[in-house]
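Here is the structure we will look at, set down as structure tokens.
Residue numbers (the working numbering), protein chains in the order written: chain A, 5 to 1068; chain B, 19 to 140.
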């Protein structure tokens, strides 16, 4: 082992000698030789020889080495191969231990080395990996500033590959760094900013950290670059933010400072700078604000430092601070201190705002004062309007003023007859009020104020030179004011306030007090007005009360009287009692305009005015006529001296004064009341008022009474008229109750007024057999109550069985004003006669056509036959006789009709003594033929005094003839007819009784109707005029006729004729 | 053989007139008492009846009713003779079966013509 070592050592030594000595030596030699000044050719030759020697030496050494190496070549080769493997990077093997001796050791060592190498390599690999993965670029520089290595991040950032950049100077990449800088200026570890230039030439801001590294006595620098592009923009933003913040701070008008724990201002805005005149930053706040050398509180305990408080409490703090700038200038600052809490939770800085609120405070004070004034005025107004009781409100106001101005007392004075009297006071003794409570106008302060209306205030009365003469001067009062209580037009008084301390009255105070004074003045006036109104109201109330009493008496009078005269009397008496005139007259205007004395109390003696009561003719100018005409009340104090009016002698003689009140009635005066007194008499307003009312009421009452009487008269007139007419009239109200009925209606209906008034109209005809219309839509009243007029005709049989044909007109009755239907009137006319006439006319035509036709048949038929020579000779003569006879019958009928007609018209009636016996004789003669033919019996009897009856004999004979003719006609053969004449003092009774067919009951009521022939008329000949004629004749004589008949038994006709005047 | 015409009228001169006018052509039976009229009709069975409406005791209308209600007599034509001129009377007459209604005063010649027209001369 040692041998090898030695050989190698030797070998190496030789090698080194050659290597080390020859080359440098040649240089040295060359250098030293050149210094010797030898020619260069010589030198070069020396060196040339030297080189040759060296070469041979070297070859010698080589050969020796070769010689020795044979014994060690094999292991060496092995080692060599292993070393090659290692060089190629293969570290994962171990040399097998085959050698012996020294080489064995060598190999072992080699293996250990290899293992160590492997470990190192792996470690290096790891480190390299770290470097590879570093995100920040890394540059390794040599001490010259040349790049010897970079990491991939570098390439990534600046795009240079390692090959491109190695050996180039750093300044090509980062111009701010040069090799010189690196060595000369140890920049330490502090990062610095710089610009790195990329391959493309982009300037990339980077943060550079330079770390010097010493390795193997060489100096290296490792530069770490941090891409600072993001950081830069961040910084830009921060800068903008800071500028922004600064702008904000500067834009704040309030002073703003950031102060640190040492009370040093680290930041201040422009406002602060403006205020202090210098840049405050870095200065202590106490020097700035109070020009102190030490913190405020240490210099002046009264200066509570807000900054300190915030540092201590960590809470924001606000304080108002009176800052004295100069002796006479004080500003008010509002200071807000705000903590800035650091990460450690402690207050790092305090931000202090300082705001000058001097103006604001002043404004607030003004507002406060205004507010106080307003609220005072408001409260005073409230008190004043709360009630109308002077006591309550003035005391209230006084107390309020005391309280508001913090006064000790006060008083309110009102002027009463040039003297100020203290009416309300507070805080002063009664004794003082007695002394100072009455002041003539112009005296002392209140007196002056009340007179002048000006406001007087004094800070301290005792020291006020203006008030030398005031009683207040020595009263202990200091602060004082006296204000006028001013109404709309004048000053009503004053009010004073005082305090025992001086009081500074501001202009505003004075103004407000003046306003209060005016309010009090108005209130005072209101109260006075109210009190006056109240007393007036009471007076009026009393008056009204009396009027009501008067009125109730009047009402009693008016309601208690029955007649117009009574009404006038009691009214005049009442007025006389009430007003005590010596004479009271009621004077009326008559339709012609003359004035009549209607009534007087006491009565004016008869003869003094005319009997008709005429007082003044219409053309005379009198007090009364004027009053009536103009509707005015006239009061004449002395009628003797009154030039305008003429007075009746009676008045002029006895009376002096007079009062005339027109009587109102509607729109005009129809009269007047005159009151005369023997002494001059005055009338109070109330008395006149009373008279006015009374005259109105009396006027209306009189008018009403007169009206009422007129109505009564008119009603009576209407009733008379209605009673005098032949038509029946009755009225019903809305519900059909009878409200009026006239006499004709009573007669026709056979009812009396008493029975029917107030009853239902249907009861008017309830006795009638039929009431077909009653209650139906066809009822005239029903129709007229609906507002329509109706006309109808119906047959009516009254309670006495009398038959009427009534023409009924019904009309609605309407309210005069509203026009509403309030009833109906029914007017019914007895048209029985008219209808009879109508029926008769028809019947005449019928009868005439029938009764006339039979004789005409003979005349016409027979004439035709004679003319036709159907009959001749004796037969013809016989025909002519018949024609003659029938002609006569025709003529008789015409005569009878004419007779009736004449009787109706009372024509050709000859009154004279009637001889009934002669009549009987004549009749017997007339009926002898027929009696014989019918085997009838006709007998006459005479009873009593029949002489001297005054009548138309011919008519009475005709009457009897007709009756007997009827008896003989309406009977069978053998009929008995007896005629009895009965005479008494005042009447003649004639009865005709037969034993004939009798009259059917249905015909009874029609008897006497012209041409009515009844059932039996069917089979008999007749004119139907007989009984009609009888009736007319009876009527002419003022008598009556009655018929009793029973069918199958016979008939009795009884005629009663009154004996009016016995003929002599 | 002459046909029978019965005249019922209480007024003698009417029957007289008709008799004088008709007897040339007809056999006239005059009845003046209405009470016997019906039995006379039954007995005589006339070819035509001239009947006065207005008669005492039994009126012409009653006789007409009796004739028309008797099946044996019903076919006999009846001429009513009346002074009544009203239409309602005429209607009543017609209703009860009168064939003619002859108003007084009438012409005997016309009546004859009417009767001849109705029943012929013989």
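Positions of the beta carbon are idealized from the N, C-alpha and C atoms, including for glycine.
CA-to-CA distance, residue 142 (chain A) to residue 132 (chain A), given in whole angstroms: Cα atoms of residue 132 (chain A) and residue 142 (chain A): separation of roughly 12 Å, rounded to the nearest angstrom.
Cβ-Cβ separation, residue 275 (chain A) to residue 258 (chain A) (assumed contact under 8 Å), whole Å: Correct: roughly 6 Å between the Cβ atoms.
CB contact below 8 Å: residue 945 (chain A) versus chain B: Chain B, which has no Cβ nearer than 8 Å to the Cβ of residue 945 (chain A), makes this no.
Boundaries (first-last residue) of the alpha helix (DSSP H) holding residue 652 (chain A): Counting along the chain, residue 652 (chain A) falls outside any alpha helix (DSSP H), and DSSP gives it neither H nor E.
Within-8 Å CB hit, residue 879 (chain A) to chain B: Yes, contact with chain B.
Residue-level contact to chain A via CB, residue 51 (chain B), 8 Å cutoff: By this cut-off, residue 51 (chain B) is not an interface position.
Chain-ordered residues of the segment 79-97 of chain B with a beta carbon less than 9 Å from chain A: With the criterion set as a beta carbon lying under 9 Å from some beta carbon of chain A, the members of the segment 79-97 of chain B are 79, in sequence order.
Buried versus exposed call for residue 773 (chain A) [16 or more other C-beta atoms within 10 Å across all chains shown]: With a pLDDT of only 48 at residue 773 (chain A), under 50, the local geometry of the prediction cannot be trusted, and no value is derived from it.
Short Cβ contact (8 Å threshold) for residue 893 (chain A) with residue 917 (chain A): For residue 893 (chain A) and residue 917 (chain A), no; Cβs fall outside 8 Å.
Spatial distance of residue 347 (chain A) from residue 353 (chain A) (CA atoms): So the alpha carbons of these two residues sit roughly 12 Å apart.
Classification of residue 63 (chain A) by the beta-carbon crowding that lies within 10 angstroms, buried from 16 upward: Its Cβ having fewer than 16 others within 10 Å, residue 63 (chain A) is exposed.
Spatial distance of residue 545 (chain A) from residue 818 (chain A) (CA atoms): The straight-line gap from Cα to Cα measures roughly 46 Å.
First through last residue of the alpha helix (DSSP H) which encompasses residue 319 (chain A): Careful: residue 319 (chain A) lies outside any alpha helix (DSSP H) and carries neither H nor E.
Cβ shell of residue 13 (chain A) (< 8 Å), same chain only, five flanking positions each side left out: Within the same chain, residue 13 (chain A) has no close Cβ partners at all.
Three-state secondary structure assigned by DSSP to residue 196 (chain A): Collapsing the DSSP output to three states places residue 196 (chain A) in a strand.
Any C-beta of chain B under 8 Å from that of residue 868 (chain A): Yes - at least one Cβ of chain B is within 8 Å of the one on residue 868 (chain A).
Residue ranges of each alpha helix (DSSP H) within the segment 781-858 of chain A, 4 or longer: Counting only runs that start and end inside the segment 781-858 of chain A, the alpha helix (DSSP H) elements of at least 4 residues fall at 784-789.
Min CB distance residue 101 (chain B) to chain A below 8 Å: Closer than 8 Å: yes.
Contact between the segment 26-39 of chain B and the segment 1043-1057 of chain A (3+ Cβ pairs under 8 Å): No contact exists between the segment 26-39 of chain B and the segment 1043-1057 of chain A.
Which of helix, strand or coil DSSP assigns to residue 963 (chain A): If DSSP states are grouped into helix, strand and coil, residue 963 (chain A) belongs with the helices.
Residues of the segment 23-50 of chain B whose Cβ lies closer than 7 Å to any Cβ of chain A, in chain order: Residues passing the 7 Å Cβ filter: 29, 31, 32, 35, 38, 39.
Where residue 178 (chain A) falls: helix, strand or coil (DSSP): For residue 178 (chain A), the secondary structure class from DSSP, reduced to helix, strand or coil, is coil.
Span separating the alpha-carbon of residue 966 (chain A) from that of residue 927 (chain A): Inter-residue distance for residue 966 (chain A) and residue 927 (chain A) is about 10 Å (C-alpha atoms, whole angstroms).
Inter-residue Cα distance where the pair is residue 771 (chain A) and residue 764 (chain A): Any reading at residue 771 (chain A) needs caution, since the residue's pLDDT is 46, under 50, leaving its predicted position unreliable; the model's value is listed next. Residue 764 (chain A) has its alpha-carbon roughly 13 Å from the corresponding atom of residue 771 (chain A).
Contact set between residue 127 (chain B) and chain A, taken where Cβ atoms lie within less than 7 Å: Neighbours of residue 127 (chain B) in chain A, taken as residues whose beta carbon is under 7 Å from its own, are 868, 872 in chain order.
Beta-bridge partners of residue 1 (chain A), as assigned by DSSP: Residue 1 (chain A) is absent from the structure shown; chain A starts at 5 and stops at 1068.
Cutoff 8 Å: residue 862 (chain A) Cβ touching any chain B Cβ: Residue-level contact check: residue 862 (chain A) touches chain B, since one or more beta carbons of chain B fall below 8 Å from its beta carbon.
Sequence-distant residues of the same chain with beta carbon closer than 6 Å to residue 287 (chain A), five excluded per side: The answer, listed in chain order, is 269.
Per DSSP, cross-strand counterpart(s) of residue 216 (chain A): Residue pairing of residue 216 (chain A) in beta bridges, as defined by DSSP: A:225.
Distance between beta carbons of residue 829 (chain A) and residue 733 (chain A), contact taken as under 8 Å: That belief holds up - the Cβ atoms of residue 733 (chain A) and residue 829 (chain A) are roughly 7 Å apart, short of 8 Å.
Residues near residue 950 (chain A) by beta carbon distance below 7 Å, same chain, minus five either side: Excluding positions up to five away in sequence, the list reads 920, 985, 987, 992.
Stretch-stretch touch, CB-based, cutoff 8 Å, three pairs: the segment 685-701 of chain A with the segment 661-670 of chain A: Flag = yes, the segment 685-701 of chain A and the segment 661-670 of chain A touch.
Amino acids of chain A, ordered along the chain, whose beta-carbon sits closer than 8 Å to that of residue 122 (chain B): Against chain A, a Cβ distance below 8 Å from residue 122 (chain B) picks out 857, 858, 860, 861.
DSSP bridge partner residues for residue 982 (chain A) (one or two, in chain order): According to DSSP, which records beta bridges pairwise, residue 982 (chain A) is partnered with A:943, A:997.
Cβ-based burial, residue 1067 (chain A) [other Cβ within 10 Å; buried from 16]: Any reading at residue 1067 (chain A) is ruled out, since the residue's pLDDT is 45, under 50, leaving its predicted position unreliable.
Residues bridged to residue 413 (chain A) (per DSSP): In the DSSP output, where bridge partners are listed per residue, residue 413 (chain A) has A:502.
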